[in-house]
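Number of protein chains: 2
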Amino acid sequence: MPKFHWEDFTPGQVTEYGPREVTADEIKAFAAEFDPQPMHLDEEAARASLVGGLCASGWHSCAILMRIIADGFVLDSASMGATGCPEVKWLAPVRPGDRLRVRMKVLGTRASNSRPDLGFVDARFDMLNADDLPVMTLTSHLMLGRRTGAAP
Amino acid sequence: MPKFHWEDFTPGQVTEYGPREVTADEIKAFAAEFDPQPMHLDEEAARASLVGGLCASGWHSCAILMRIIADGFVLDSASMGATGCPEVKWLAPVRPGDRLRVRMKVLGTRASNSRPDLGFVDARFDMLNADDLPVMTLTSHLMLGRRTGAAP
Chain A
0 MPKFHWEDFT PGQVTEYGPR EVTADEIKAF AAEFDPQPMH LDEEAARASL VGGLCASGWH
60 SCAILMRIIA DGFVLDSASM GATGCPEVKW LAPVRPGDRL RVRMKVLGTR ASNSRPDLGF
120 VDARFDMLNA DDLPVMTLTS HLMLGRRTGA AP
Chain B
0 MPKFHWEDFT PGQVTEYGPR EVTADEIKAF AAEFDPQPMH LDEEAARASL VGGLCASGWH
60 SCAILMRIIA DGFVLDSASM GATGCPEVKW LAPVRPGDRL RVRMKVLGTR ASNSRPDLGF
120 VDARFDMLNA DDLPVMTLTS HLMLGRRTGA AP
């Protein structure tokens with residue numbers, strides 16, 4: 000029985016998860032598989048780029064955020080996935096050695112009209128580095144199971 | 000000298016990239032590292048879930064889309080990254096064996112006010128499976144270098 004259901008999320012609630020450290024090897028491995036642009040793959044080329052040094056692919060940042068919240072609550076929840084993100088913003092480069100945390104704020108919740116066993120949670124996630132600088136932010140529509148006994 | 004610069008993208012332009020096939024092993028490997036929810040990791044558990052069978056993490060879908068457009072044009076462009084995505088929608092599960100293509104539509108372009116050497120391209124990307132069903136869509140603000148000689 001998972002610990003967290005739809006009913007456990009209330010508008011305004013703020014929680015924090017992590018930290019998780021990212022290494023240069025992880026940045027390059029992700030880039031080699033999914034986003035082999037020089038700024039994510041090679042220190043020398045990255046120094047000459049707009050970002051001025053090796054940094055993680057934006058999609059790697061999203062994946063790291065996912066892993067932090069997975070360990071934080073998703074894997075111990077009645078998660079049924081997500082339908083999408085109305086916003087993803089990459090605010091600052093994620094660098095080798097960054098220790099990242101995720102702050103979650105519940106923006107709103109609503110029960111499903113069609114399925115009495117699930118509900119939606121709209122949340123905002125800010126990923127912060129050790130200097131408390133937000134490196135990315137995203138909002139997402141999560142789907143979560145309701146506790147057994149929810150009114151049909 | 001990269002082939003594609005900011006000037007090569009014009010509003011309304013549609014291009015298509017791919018295909019790229021995704022395997023069950025890739026789906027599970029990505030999930031194990033970044034999104035270890037049962038529906039992305041284990042066939043048996045996935046069959047019992049809302050999605051009814053093993054499917055890729057939404058972030059894996061984004062990463063695959065990135066790789067398809069990287070091979071399609073980004074790696075041969077003056078890409079300077081992206082600031083974010085005003086919208087990401089996961090529309091249908093990405094399954095093992097899916098052959099995915101990405102259709103790009105240029106929504107608009109504008110020169111940078113502050114930097115004469117770069118411009119922005121707003122684009123919509125639809126990722127389609129072999130049945131032409133859209134599995135995800137995202138819009139993104141791309142930054143691209145302008146051709147040498149652009150007016151300062």
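Protein chains in written order, with numbering that gives the first Met the number 0: chain A, 0 to 151; chain B, 0 to 151.
Beta carbons: idealized from backbone N, C-alpha and C, even for Gly.
- Proximity of B/Lys27 to chain A, defined by a Cβ-Cβ separation below 8 Å, is not satisfied.
- The CB of B/Ser78 comes closer than 8 Å to the CB of Gln36 in chain A, given here in chain order.
- In the same chain as A/Cys84, and ignoring 5 residues on each side of it, the C-beta atoms closer than 7 Å to its own belong to Leu137, Thr138, Ser139, in chain order.
- Residue range 37-40 is occupied by the alpha helix (DSSP H) that includes A/Pro37.
- At least 8 Å separates the CB of B/Phe124 from every CB of chain A.
- Take the alpha-carbon of A/Asp75 and the one of A/Gly144: they are about 12 Å apart.
- In this structure, A/Trp5 sits away from A/Thr82, with a CB-CB distance that is not shorter than 8 Å.
- Burial is judged here by how many other beta carbons sit within 10 angstroms of a residue's own beta carbon; A/Pro35 has at least 16 and is buried.
- Taking A/Gly57 as reference, the option from A/Val101, A/Leu127, A/Val87, A/Ala45 with the minimal CA-CA separation is A/Val87.
- Between the beta-carbon of B/Cys54 and that of B/Val93 there is about 6 Å, and that keeps the pair under the 8 Å contact cut.
- Against chain A, the beta carbon of B/Leu74 has neighbours under 8 Å at Pro35, Gln36, listed in chain order.
- With a 10 Å radius around the Cβ and a threshold of 16 neighbouring Cβ atoms, A/Asp125 comes out buried.
- Against chain B, a Cβ distance below 8 Å from A/Val101 picks out nothing, because the smallest value is about 13 Å.
- Interface residue (Cβ-Cβ distance to chain B less than 8 Å): A/Thr138 is not classified as such.
- Inclusion of A/Met142 and A/Trp89 in the CB contact set at 8 Å is not warranted, their separation being larger than that value.
- The beta carbons of A/Arg66 and B/Phe33 sit about 5 Å from each other, so the pair counts as a contact at 8 Å.
- Contact check for B/Pro10 against B/Val105 passes: the beta carbons are separated by less than 8 Å.
- Taking 7 Å as the upper bound on Cβ-Cβ separation, chain A lies near residues Glu86, Val87, Lys88, Trp89 of the segment 86-110 of chain B.
- One thing to note: A/Met103 has its Cβ no nearer than 8 Å to the Cβ of A/Val21.
- Residue environment for A/Gly51: exposed (fewer than 16 other C-beta atoms within 10 angstroms of its C-beta).
- When only Cα atoms are considered, A/Asp24 and B/Leu49 end up about 35 Å apart.
- Judged by beta-carbon spacing, B/Ala30 lies within the 8 Å limit of B/Leu40, meaning their Cβ atoms are closer than that value.
- Within chain A, the residues placing a beta-carbon under 8 Å from that of B/Trp58 are Trp58, Cys61, Ala62, Met65, ordered along the chain.
- Within chain B, the C-beta atoms nearer than 9 Å to that of A/Gly83 come from Gly57, Glu86, Val87, Lys88, Trp89, Leu90, Met135, Thr136, Leu137, in chain order.
- Straight across, the Cα-Cα distance linking A/Met79 with A/Ala122 is about 15 Å.
- Around the beta carbon of A/Leu132, a 10 Å sphere encloses fewer than 16 other beta carbons of the protein chains shown; the residue is thus reported as exposed.
- Close to A/Val50, with beta-carbon spacing below 8 Å, are these residues of chain B in chain order: Gly80.
- Distances from the CA of A/Asn128 to each of A/Asp97, A/Asn112, A/Leu117 were compared; the closest alpha carbon is that of A/Asp97.
- DSSP links B/Asp125 through a beta bridge to B/Arg102, B/Thr136.
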